[in-house]
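Okay, structure first, notes after.
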DNA sequence: TCGTGTGAAGCACTTCACAGCT
DNA sequence: AGCTGTGAAGTGCTTCACACGA
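Protein chains in written order, with my numbering: chain H, 535 to 738; chain V, 535 to 738.
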């Protein structure tokens, strides 16, 4: 039972598991059983055991799983062990809100660069970071930044994505309401808040 | 082949379909085939035909599907035909960014109320809307608001969710990095931007 | 000829149930 | 006694392939 065959659905659940585990760790909880953990992540216990079994057995029968070990395992699989630098493109309302949000630390991310086309913003600071001109996106690779958060208007999203791809980025979190065309080596995750809202009335 | 058995995966894809269809409609495109549509939504064409077949056949063989008919159908299924009023809780950076975002119109949502605990904000306007004191959340039901967007700090998310449930809300879009405990009748969708970012390095 | 609509086949994830360890 | 780890069974979504209509 080895790494390569972890189902993609399992991978999707891992960040949620990690968040809950860090929460438990902060509460100084040492062990957690699949049953108890189930309450925290809203996933059934056999599913949790199955998920954990994909990356090798290390639970203690009769006791549960060691929280810190789990955290290490999941960080390892998601490649979150070292701090990952991320770039933010777009320092509008949404971009600013995101850059000031400290939840990224949980997953080992650090916003290391911010870009915006507006001359008013270039050179100013948001938190600790100086806003740069978008032509400098090309320097991301040499600065060791491989992940970008795209918070620009839909009209310029594709164009900006192209720049990011050219700069050697390999992951984009797209917050614009549109699909992006990118080469296969680049992973895109799109979050459109309005769109997510769209399924709510169905379930009412 | 009737409504109740539409797979939940299909439902999840509908808002994305709707967004693309509205885009096509704005470009005055009258018909679209599953193959062409596939390019727009990044879903394979047999899947698209299958999805559409769940809500009854109405494509034209050799031609494709009529864009406006599809829009009507999907709006009908997702219960988005009438304008849905939504409340926004939390007028911080993120809340403000959301309230000024006009993408909600696409899905027939209208932010109709904003709440915040801060005395500095209560009574001020964000766009057209006056920020209200959170104790007024209880009036949401009588104001015909059934959906809420929760943009408050994680610490107060559960507490606020409880208030919303008490006010008769039946859908919550939770932007805080935590799970919410709610009765089964209430549908919660959680979006944690940092968490979504967490899977990107895995695919690099 | 082109594209829909759909039963049937295929596939992947989930759930079960229980042996085995502590 | 309690909980893990896992083959096997179950489930539901996706893909196929082709008849049929325009």
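Every residue gets a Cβ at the ideal spot worked out from N, C-alpha and C, and that includes glycine.
Unbroken beta strand (DSSP E) run spanning residue 646(V), endpoints:
Where residue 646(V) is concerned, the enclosing beta strand (DSSP E) stretches over 643-649.
Looking at C-alpha atoms only, which residue of 738(V), 545(V), 686(V), 666(V) is the closest neighbour of residue 699(H)?
738(V)
Are residue 703(H) and residue 680(H) touching if we call contact CB-CB under 9 Å?
yes
Which bits of chain V does residue 681(H) rub up against, with CB to CB less than 9 Å?
731, 734, 735, 738
Along the chain, where does the beta strand (DSSP E) containing residue 623(V) start, and where does it finish?
618-623
Below 8 Å on the Cβ atoms is my contact criterion, and I expect residue 685(H) with residue 637(H) to pass it. Report the Cβ-Cβ distance as a whole number of Å.
Going by Cβ atoms, the distance from residue 685(H) to residue 637(H) rounds to 15 Å, so no, they are not a contact pair.
Closer than 9 Å, Cβ to any Cβ of chain V: which residues of the stretch 603-628 of chain H, in chain order?
611, 612, 613, 614, 618, 620, 626, 627, 628
For a cutoff of 9 Å on Cβ pairs, would you count residue 574(V) as touching chain H?
yes
Short CB-CB distance (under 9 Å) between residue 558(V) and chain H
no
So which residues of chain V does residue 631(H) contact, with C-beta pairs closer than 7 Å?
627, 628, 631
Applying a beta-carbon distance threshold of less than 9 Å, which residues of chain H neighbour residue 585(V)?
Against chain H, the beta carbon of residue 585(V) has no neighbour under 9 Å; the closest one sits roughly 14 Å away.
Buried or exposed: which applies to residue 717(V), given that a residue is buried once 16 or more other Cβ atoms fall within 10 Å of its Cβ?
Classification of residue 717(V): exposed, given that the 10 Å Cβ count is below 16.
Pull up the distance between the alpha-carbon of residue 657(V) and that of residue 652(H), whole angstroms please.
31 Å
Which of helix, strand or coil does DSSP assign to residue 535(V)?
Unreliable placement is indicated for residue 535(V), whose pLDDT of 38 sits below 50; no coordinate value is reported for it.
Count the other C-beta atoms from every protein chain shown that fall within 10 angstroms of the C-beta of residue 536(H), then say buried if there are 16 or more, exposed otherwise.
With a pLDDT of 43 at residue 536(H), under the threshold of 50, the predicted position of this residue should be treated as unreliable, though the coordinate-derived value follows. It is exposed - the Cβ of residue 536(H) has fewer than 16 other Cβ atoms within 10 Å.
Measure the beta-carbon distance from residue 555(V) to residue 614(V) and round it to whole angstroms, keeping in mind my assumption that it falls under 8 Å.
Between the beta-carbon of residue 555(V) and that of residue 614(V) there is about 12 Å, and that puts the pair past the 8 Å contact cut.
Run through DSSP, which three-state label would residue 659(V) get?
strand
Top-ranked residue by Cα proximity to residue 569(H), from 697(H), 609(H), 550(H), 583(H):
Nearest neighbour of residue 569(H) by Cα position, chosen from 697(H), 609(H), 550(H), 583(H), turns out to be 583(H).
Can you name the start and end residues of the beta strand (DSSP E) that residue 681(H) belongs to?
Where residue 681(H) is concerned, the enclosing beta strand (DSSP E) stretches over 681-684.
Who are the neighbours of residue 641(V) on chain H, taking C-beta pairs under 8 Å?
728, 729, 731, 732
Mind listing the chain H neighbours of residue 704(V)? Cutoff is C-beta to C-beta under 7 Å, in chain order.
In chain order: 738.
Contact set for residue 578(V): own chain, Cβ-Cβ below 7 Å, skip 5 residues either direction:
When the five nearest sequence neighbours on each side are left out, the beta carbons in the same chain lying within less than 7 Å of the beta carbon of residue 578(V) are those of 572, in order along the chain.
Does the Cβ-Cβ distance between residue 649(H) and residue 671(H) come in under 9 Å?
Going by C-beta atoms, residue 649(H) is nearer than 9 Å to residue 671(H).
Straight-line CA distance for residue 643(H) to residue 689(V)?
22 Å
Quick check: is the beta carbon of residue 695(V) nearer than 9 Å to any beta carbon in chain H?
no
Could you tell me the alpha carbon to alpha carbon distance between residue 619(V) and residue 628(V), rounded to whole angstroms?
Rounded to whole angstroms, residue 619(V) to residue 628(V) spans 19 Å at the Cα level.
Given a cut-off of 9 Å on the beta-carbon distance, is the pair residue 622(V) and residue 682(V) in contact?
yes
So that I know if they touch, is there some Cβ in chain V lying closer than 9 Å to that of residue 536(H)?
Bear in mind that the predicted position of residue 536(H) carries a pLDDT of just 43, short of 50, making it unreliable; the figure below should be weighed with that in mind. Not an interface residue.
Please state whether DSSP places residue 676(V) in a helix, a strand or coil.
Reduced to three states, the DSSP call for residue 676(V) is coil.
Provide the residue span of the alpha helix (DSSP H) that contains residue 601(V), from first to last.
601-611
Whole angstroms are fine: how far does the CA of residue 547(V) sit from the CA of residue 574(V)?
Cα to Cα, residue 574(V) sits roughly 12 Å from residue 547(V).
Would you decide whether residue 706(V) is buried or exposed? Buried here means 16 or more other CB atoms lie within 10 Å of its CB.
buried
If I'm right that residue 725(V) touches residue 709(V) with Cβ under 8 Å, what's the distance once you round it to whole angstroms?
The distance from the Cβ of residue 725(V) to that of residue 709(V) is about 6 Å, consistent with a contact at the 8 Å cut-off.
Going by DSSP, name the residue or residues bridged to residue 722(V).
706(V)
Let me confirm a value: residue 654(H) is counted as buried when at least 16 other C-beta atoms fall within 10 Å, else exposed. Which label applies?
exposed
Whole angstroms is fine: what's the gap from residue 727(H)'s alpha carbon to residue 558(H)'s?
Going by the C-alpha atoms only, they are around 29 Å apart.
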